[in-house]
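The sequence shown begins at 145 in the numbering used here and counts up one residue at a time.
Yeah, the Cβ is synthetic: ideal placement off N, Cα and C, and Gly gets one too.
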Amino acid sequence: MEKARPLWSNPLQFVFACISYAVGLGNVWRFPYLCQMYGGGSFLVPYVIMLLVEGMPLLYLELAVGQRMRQGSIGAWRTISPYLSGVGVASVVVSFFLSMYYNVINAWSFWYLFHSFQDPLPWSVCPLNANRTGYDEECEKASSTQYFWYRKTLNISPSIQESGGVQWEPALCLLLAWLLVYLCILRGTESTGKVVYFTASLPYCVLIIYLVRGLTLHGATNGLKYMFTPKIEQLANPRTWINAATQIFFSLGLGFGSLIAFASYNEPSNNCQKHAIIVSLINSSTSIFASIVTFSIYGFKATFNYESCLQKVILLLINSFDLEDGSVTADNLEQVKSYLASTYPSEYSAIAPQIHNCSLESELNTAVQGTGLAFIVYTEAIKNMEVSQLWSVLYFFMLLMLGVGSMLGNTAAILTPLTDSKFISSLLPREAISGLVCLINCAIGMVFTLESGNYWFDIFNDYGATLSLLLIVLVEAISVCYVYGLRRFERDLQAMTGRALSWYWKIMWAVVSPLLIISLFLFYLSDYILAGTLRYQAWDATQGQLVTRDYPPYALAVIGLLVAASTMCVPLVALGTFVLRRLKRGDTAPVS
Numbered sequence: 145m146e147k148a149r150p151l152w153s154n155p156l157q158f159v160f161a162c163i164s165y166a167v168g169l170g171n172v173w174r175f176p177y178l179c180q181m182y183g184g185g186s187f188l189v190p191y192v193i194m195l196l197v198e199g200m201p202l203l204y205l206e207l208a209v210g211q212r213m214r215q216g217s218i219g220a221w222r223t224i225s226p227y228l229s230g231v232g233v234a235s236v237v238v239s240f241f242l243s244m245y246y247n248v249i250n251a252w253s254f255w256y257l258f259h260s261f262q263d264p265l266p267w268s269v270c271p272l273n274a275n276r277t278g279y280d281e282e283c284e285k286a287s288s289t290q291y292f293w294y295r296k297t298l299n300i301s302p303s304i305q306e307s308g309g310v311q312w313e314p315a316l317c318l319l320l321a322w323l324l325v326y327l328c329i330l331r332g333t334e335s336t337g338k339v340v341y342f343t344a345s346l347p348y349c350v351l352i353i354y355l356v357r358g359l360t361l362h363g364a365t366n367g368l369k370y371m372f373t374p375k376i377e378q379l380a381n382p383r384t385w386i387n388a389a390t391q392i393f394f395s396l397g398l399g400f401g402s403l404i405a406f407a408s409y410n411e412p413s414n415n416c417q418k419h420a421i422i423v424s425l426i427n428s429s430t431s432i433f434a435s436i437v438t439f440s441i442y443g444f445k446a447t448f449n450y451e452s453c454l455q456k457v458i459l460l461l462i463n464s465f466d467l468e469d470g471s472v473t474a475d476n477l478e479q480v481k482s483y484l485a486s487t488y489p490s491e492y493s494a495i496a497p498q499i500h501n502c503s504l505e506s507e508l509n510t511a512v513q514g515t516g517l518a519f520i521v522y523t524e525a526i527k528n529m530e531v532s533q534l535w536s537v538l539y540f541f542m543l544l545m546l547g548v549g550s551m552l553g554n555t556a557a558i559l560t561p562l563t564d565s566k567f568i569s570s571l572l573p574r575e576a577i578s579g580l581v582c583l584i585n586c587a588i589g590m591v592f593t594l595e596s597g598n599y600w601f602d603i604f605n606d607y608g609a610t611l612s613l614l615l616i617v618l619v620e621a622i623s624v625c626y627v628y629g630l631r632r633f634e635r636d637l638q639a640m641t642g643r644a645l646s647w648y649w650k651i652m653w654a655v656v657s658p659l660l661i662i663s664l665f666l667f668y669l670s671d672y673i674l675a676g677t678l679r680y681q682a683w684d685a686t687q688g689q690l691v692t693r694d695y696p697p698y699a700l701a702v703i704g705l706l707v708a709a710s711t712m713c714v715p716l717v718a719l720g721t722f723v724l725r726r727l728k729r730g731d732t733a734p735v736s
C-alpha cells in the first residue's frame with residue numbers, strides 16, 4: 145500500500161514556510177543597494193510594476209503546479225510531460241549549487257555571533273603589529289571592520305590562484321550550520337513546520353527593534369532622506385527596470401523547486417492564489433521595511449564618518465597653526481582653510497596632503513551590497529553604538545535566522561524529489577537521505593573555507609543560478625500554458641479551489657511573464673558573456689583595498705560548467721526520454 149503523502153498541519157504553516165524561504169538575505173543586503181543605485185524612492189515604481197507582471201504571477205504558477213501535481217519538481221514536471229523531467233532535474237541541480245555555498249553565509253553569521261560577546265568587539269579596533277610598536281599596517285590602510293572580515297574571518301589569499309589551506313574556525317562554523325539545518329529538516333514537514341514559525345517571525349522582531357534604535361541614532365534622517373529622495377531620471381535607465389525585475393525574481397526564490405516542494409504538501413483544496421498574493425506582498429514589504437532600517441543605520445554611519453573627518457581636520461589646523469580651541473568649527477571650516485591657505489601658503493601646503501575633503505554626500509553615495517554590507521558596513525555602524533555587543537548579537541542572530549529559513553527551502557527542493565522516488569526511498573529512510581544530502585553539501589562546501597574560498601563563493605553566487613533559473617522558469621511558464629494547456633490547467637485550479645481563474649493570471653502566464661524572462665535572459669547573456677565582464681575583486685593586503693583581476697582559464701571553465709550543468713539538463717533529459725521511448729516501442733531501424 146502506498147504511503148500517504150505528509151501534509152502541513154495547517155495552511156498557516158505553509159505560508160510561514162514560504163515567507164521564511166522567500167524573505168532572506170537578499171531583502172536585507174541587496175534591495176537597499178538597488179534603491180541606492182537606481183533612483184531612491186523612484187526605484188519603487190519599476191519594483192512594484194515588476195511585482196505585478198512577473199513576481200506574483202510566477203509565484204502563483206509554481207504553487208499551483210506543486211499543489212496540483214502533489215510531487216517535487218522532477219515528478220511534477222514529469223506528470224505534465226515525460227519530456228519535461230529535465231526542468232525538475234535542473235531545479236534540483238541549481239538548488240544543490242545554492243545549498244553548497246549559501247550555508248557558508250550562516251557559518252559566517254555564527255562566527256560573528258560568537259565574537260559579538262567580546263568587549264570590545266574584535267572588529268572595533270586594529271590589532272598591534274608583530275613588534276607591538278603600533279597598529280597592524282594592513283588594518284591601518286583598510287579599516288578595523290574590513291581587516292576583521294578579510295584577514296580574521298576569511299584570511300583571504302591575494303588571488304584565486306593561491307588556494308591556501310582550510311581555515312579551521314570557519315570550517316567548524318560550517319559544520320555547525322549544517323548540523324542546525326539537518327536538525328530542522330530531520331522529520332520533514334513535521335519538524336520544518338514547527339521551525340518556520342520561529343525563522344519567519346524572529347527576523348521581524350529584530351528588524352522592529354533595530355528600526356526603533358536606528359531612528360533614534362544621530363544622522364539617521366540623513367540616510368532616510370537619501371533613500372526616499374527620488375531620482376526620476378533613473379526611470380529612463382533600462383538597468384533600473386532590469387534590476388527591479390531581477391530582484392523580484394530571485395527574492396521570491398522562483399525556479400529552485402522549493403515552492404513546488406512546499407506546495408506539494410498542501411491539501412488539494414488549499415487557496416494557493418491567496419497565499420501567492422500574501423507571500424509576494426509580505427516579501428516586497430519586508431524589502432522596503434528592511435531598507436528603512438538599513439538606511440537609518442547607514443545615515444548614522446555616514447554622519448559619524450563625516451563628523452569624525454571634520455574633527456580630524458579641525459584638530460590638525462588648530463595644532464598646526466596654534467589656534468585657540470573653538471576658533472574652528474564645522475560651520476566656518478572652509479573659511480578658515482581659505483584664510484590659512486592665503487595667509488600662510490608654505491605652512492598650509494606642508495599639511496595639505498593630510499587635509500581630507502570631508503563630504504556627507506560622498507559618504508552616503510558609497511554603494512555596498514552583499515557580504516560587504518552585512519559584514520563590513522553594518523559592523524562599522526554597530527561598533528559605534530552604545531551597548532554595541534547587544535546590537536551585534538541581535539543583528540547576527542537575525543542574519544542566521546534569515547539564512548536558516550532560506551536553507552529549509554533550498555534543501556526541500558533537493559529532498560522532496562529524492563524522497564518521492566520509490567527506488568531511493570526503498571533503500572534509505574528519510575532521515576538517512578537528509579543526512580546524506582547535508583553531509584555531501586558540507587564536504588563540498590569546505591572549498592569555501594579555503595583562503596581562496598571567498599572568490600569561489602562569488603563565482604557560485606554570481607553564475608551558479610542566474611541564467612539557469614531564467615531558463616527554468618521560462619520553460620515552466622511555456623510548459624503550463626502550451627504543453628499541458630492553459631485551459632486544462634484552468635479547469636484543474638477551478639476543481640481544486642472552486643474559483644475561476646481570472647484573465648489577469650492567464651495573460652501574465654501566457655504572454656507578459658515569458659517575454660519579460662526572455663528579455664532578462666538576453667540581457668544577462670550579453671552583459672556577462674559578450675561584454676566580457678567576467679572579472680573578480682581580489683583583496684590587496686599591501687594597499688588595504690580590493691583590486692580588479694581577470695579570472696584564470698580554469699575559473700572560467702568552472703563558470704561554464706556551473707551554467708551548463710543545470711541548463712543542459714532540460715534538453716538532454718528530453719532527448720534521453722525520446723530515445724528511451726523509441727527503444728521501448730521498438731521503433732529503431734533493424735540492424736542489417
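| Query | Result |
| --- | --- |
| CA nearest to the CA of Gln455, picked from Gly443, Phe592, Asn598, Asp469 | Asp469 |
| Tyr680: first and last residue of the uninterrupted beta strand (DSSP E) it sits in | 679-684 |
| Leu508 and Gly367 closer than 8 Å at C-beta | yes |
| Own chain partners of Met194 with C-beta closer than 6 Å, once the 5 adjacent residues on each side are dropped | Ala388, Ala389, Ile392 |
| Supposed close pair Phe175, Ser596 - CB separation, criterion 8 Å | About 29 Å separates the two Cβ atoms, so there is no contact after all. |
| Val617 burial status per 10 Å Cβ neighbour count (16 or more: buried) | buried |
| Sequence ranges, beta strand (DSSP E) only - wholly within the segment 623-707, length at least 3 | 679-684, 689-694 |
| Val310 - partner residues in DSSP beta bridges | Leu594 |
| Min CB distance Ala321 to chain C below 8 Å | Looking for chain C here will not work: only one protein chain is present. |
| Residues near His500 in its chain [Cβ-Cβ closer than 8 Å; skip 5 each side] | Cys453, Lys456, Val457 |
| Selected residue, minimal CA-CA separation from Ser395, among Leu298, Ala166, Gln311, Glu634 | Ala166 |
| Cβ shell of Ala161 (< 6 Å), same chain only, five flanking positions each side left out | Val340, Phe406 |
| C-alpha distance - Leu504 paired with Thr360, whole-angstrom precision | 19 Å |
| Alpha-carbon spacing of Pro347 relative to Ser431, whole angstroms | 12 Å |
| Whether Trp173 touches Leu517 by CB criterion (8 Å) | yes |
| As assigned by DSSP and simplified to three states, the class of Tyr442 | helix |
| Sub-8 Å separation of Met551 and Asn250 beta-carbons | yes |
| Beta strand (DSSP E) runs wholly inside the segment 227-273, at least 3 long, in chain order | none |
| Residues bridged to Tyr279 (per DSSP) | Leu272 |
| Residue burial classification, Ser736 (beta-carbon count within 10 angstroms, cutoff 16) | Summary for Ser736: the model assigns pLDDT 38, below 50, so the residue's position carries little reliability; its value from the coordinates is reported in the next sentence. By the neighbour-count rule (16 or more Cβ atoms within 10 Å), Ser736 is not buried but exposed. |
| Residue nearest to Phe519 in terms of C-alpha spacing, selected from Ser287, Ile651, Met200, Val531 | Ser287 |
| Outcome for Cys349 when other beta-carbon atoms lying within 10 angstroms are tallied against a minimum of 16 | exposed |
| Beta-carbon proximity of Ile139 to Thr555, cut-off 8 Å | Any property of residue 139 remains undetermined from this structure, which presents the chain solely from 145 to 736. |
| Length at least 4, wholly inside the segment 446-532: the alpha helix (DSSP H) runs in chain order | 477-487, 489-495, 504-509, 522-526 |
| Val167 - DSSP class collapsed to helix/strand/coil | coil |
| Check whether Met652 and Pro201 have beta carbons under 8 Å apart | yes |
| Buried/exposed call for Pro734, threshold 16 Cβ in 10 Å | The predicted position of Pro734 is uncertain, since its pLDDT is 49 and thus under 50; no value can be drawn from it. |
| As assigned by DSSP and simplified to three states, the class of Ser301 | coil |
| Residue interval of the alpha helix (DSSP H) (run including Thr223) | 217-224 |
| Nearest candidate by alpha-carbon position, reference Trp293, set Thr721, Thr692, Ala685 | Ala685 |
| Supposed close pair Ala234, Val702 - CB separation, criterion 8 Å | At roughly 18 Å, the Cβ-Cβ gap does not stay under 8 Å, so Ala234 and Val702 are not in contact. |
| Buried or exposed (CB count within 10 angstroms, at least 16 for buried), Ala587 | exposed |
| Beta carbon of Leu700 nearer than 8 Å to that of Leu678 | yes |
| Local conformation of Ser395 per DSSP, three classes | helix |
| Contact between the segment 371-386 and the segment 416-426 (3+ Cβ pairs under 8 Å) | no |
| Spatial distance of Gly579 from Met244 (CA atoms) | 14 Å |
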